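Visitor:
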Amino acid sequence: MSQHLLIDRSDAVLTLTMNRADKKNALTRDMYSAMAEAIASAQNDDGLRAVIIQGSESCFTSGNDVSDFINVPPSGPNSPVYDFLKAICHASKPLIAAVNGPAVGVGTTMLLHCDLVYVAEDAKLKMPFVNLGLCPEAGSSFLLPRLLGHLRAAELLLLGEMISGQRAAEIGLANHALPAGQPVLEAARAAALRIAELPPSSIRLSKQLIKQGVTSVADEVMEREGEYFASLLKGPEAREALTAFMEKRKPVFS
Ligand code: COA
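Taken in order, the sequence shown gives residues 1 to 254; the numbers are from the UniProt record's numbering.
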């Protein structure tokens with residue numbers, strides 16, 4: 001349970017809403033644990049057919065809580081962030097994302113594990129791992145080049161470039177980019193309700209087939225990324241970048 005995660009269950013759809021507006025829905029250990037638990041238990045719940053993940057109307061999530069990165073860095077495969085990543089990587093039921101505003105770091109990499117992604121045209125997707133003295137996570141170093149090709153993946157992961165929701169849909173990182181006035185949650189919910197009416201075994205096996213060969217590699221890659229990430233997080237570059245963010249100044253890497 002986390003006060004910063006709203007959980008709604010209706011019409012066979014589980015909707016998880018990240019709800020920490022004052023910190024742009026930055027993800028804490030409690031939020032990761034609550035999301036991991038909800039997603040994992042939905043897999044064995046015959047009354048649920050799909051899971052929607054959303055943020056608020058102005059922000060999906062600003063990624064991992066930066067002060068947690070400094071004070072309680074992820075400690076390997078038993079940490080809440082890994083529980084969450086494993087849950088989305090291994091989910092057998094469709095995961096659907098509804099993205100408004102910024103989706104930073106894991107806010108974008110979690111989308112790579114979703115089956116359907118709806119974004120607002122003016123959403124802002126960004127993976128500034130290198131900018132923070134870190135490296136890709138959540139299997140993104142494998143999943144992103146697979147999805148977009150090496151050059152586009154390098155642009156997003158090495159330069160940490162921000163792209164709009166519209167661009168994300170153009171390059172295949174999202175299914176649809178919705179203009180202002182067309183709520184992304186409505187689109188996500190309509191898709192979830194369509195899935196809820198389809199035969200569940202067929203959906204489950206089809207998802208398994210679509211992801212064949214992907215899940216096990218993503219799993220291995222996540223472990224390797226996790227080792228590099230944990231080691232970089234202790235280093236001087238990340239410390240400077242993260243402290244600079246908290247102090248609202250530009251980092252200096254000299
Ligand atoms: N962790 C902790 N706090 C965060 C945060 C994060 N990931 N993202 C935002 N916040 C906090 C800010 O420190 C600020 O707190 P304050 O009001 O106590 O000063 C508050 O949320 C609002 O953020 P702010 O940056 O002022 O809002 P903005 O609208 O100007 O920008 C973002 C929003 C999302 C674009 C910006 O906050 C951002 O880029 N955050 C990303 C942080 C990051 O690098 N995440 C890790 C990725 S691996």
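We put the CB at the ideal spot given by N, CA and C, even for glycine.
As the structure is a prediction and not an experimental result, all values here were calculated from the model.
Give the secondary structure of K124 by DSSP, where H, G and I count as helix, E and B as strand, and everything else as coil.
Guide: Along the sequence shown, one-based indexing puts residue 124 at 124. Correct three-state label for K124: strand.
Visitor: Would the beta-carbon of A180 be found less than 7 Å away from any heavy atom of ligand 1?
Guide: As a working mapping, residue 180 is identified with position 180 in the sequence shown. Checking the Cβ of A180 against ligand 1 gives no.
Visitor: Given a cut-off of 8 Å on the beta-carbon distance, is the pair V184 and A120 in contact?
Guide: Counting from one through the sequence shown, the residue named residue 184 turns up at place 184. Counting from one through the sequence shown, the residue named residue 120 turns up at place 120. Yes. Within cutoff.
Visitor: Nearest to L134 by alpha carbon, out of A177, I39, I96 and I70?
Guide: The residue you call residue 134 lines up with position 134 of the sequence shown. If we check each option's Cα against that of L134, I70 comes out closest.
Visitor: Measure the Cβ-Cβ separation of V221 and S141 and say whether it is below 8 Å.
Guide: Looking up residue 221 in the sequence shown gives position 221. Looking up residue 141 in the sequence shown gives position 141. Yes, the pair counts as a contact, with Cβ atoms nearer than the cut-off.
Visitor: Can you tell me whether N71 sits near ligand 2, meaning its C-beta is under 7 Å from at least one heavy atom of the ligand?
Guide: This structure simply doesn't include ligand 2; it includes ligand 1 instead.
Visitor: Would you list the one or two residues that DSSP bridges to P102?
Guide: Looking up residue 102 in the sequence shown gives position 102. Answer by DSSP bridge pairing, in chain order: K124.
Visitor: Among all the DSSP beta bridges, which residues are the ones paired with R9?
Guide: The residue you call residue 9 lines up with position 9 of the sequence shown. In the DSSP output, where bridge partners are listed per residue, R9 has L14.
Visitor: Within the present structure, is the beta-carbon of A26 separated from the nearest heavy atom of ligand 1 by less than 7 Å?
Guide: Your numbering for residue 26 matches position 26 in the sequence shown. Yes; taking the cut-off as 7 Å, the Cβ of A26 has a heavy atom of ligand 1 nearer than that.
Visitor: Should F142 be counted as a contact of ligand 1 given a C-beta to heavy atom distance under 7 Å?
Guide: Start at 1 with the first residue of the sequence shown, and residue 142 comes out as number 142. For ligand 1, not one heavy atom lies less than 7 Å from the Cβ of F142.
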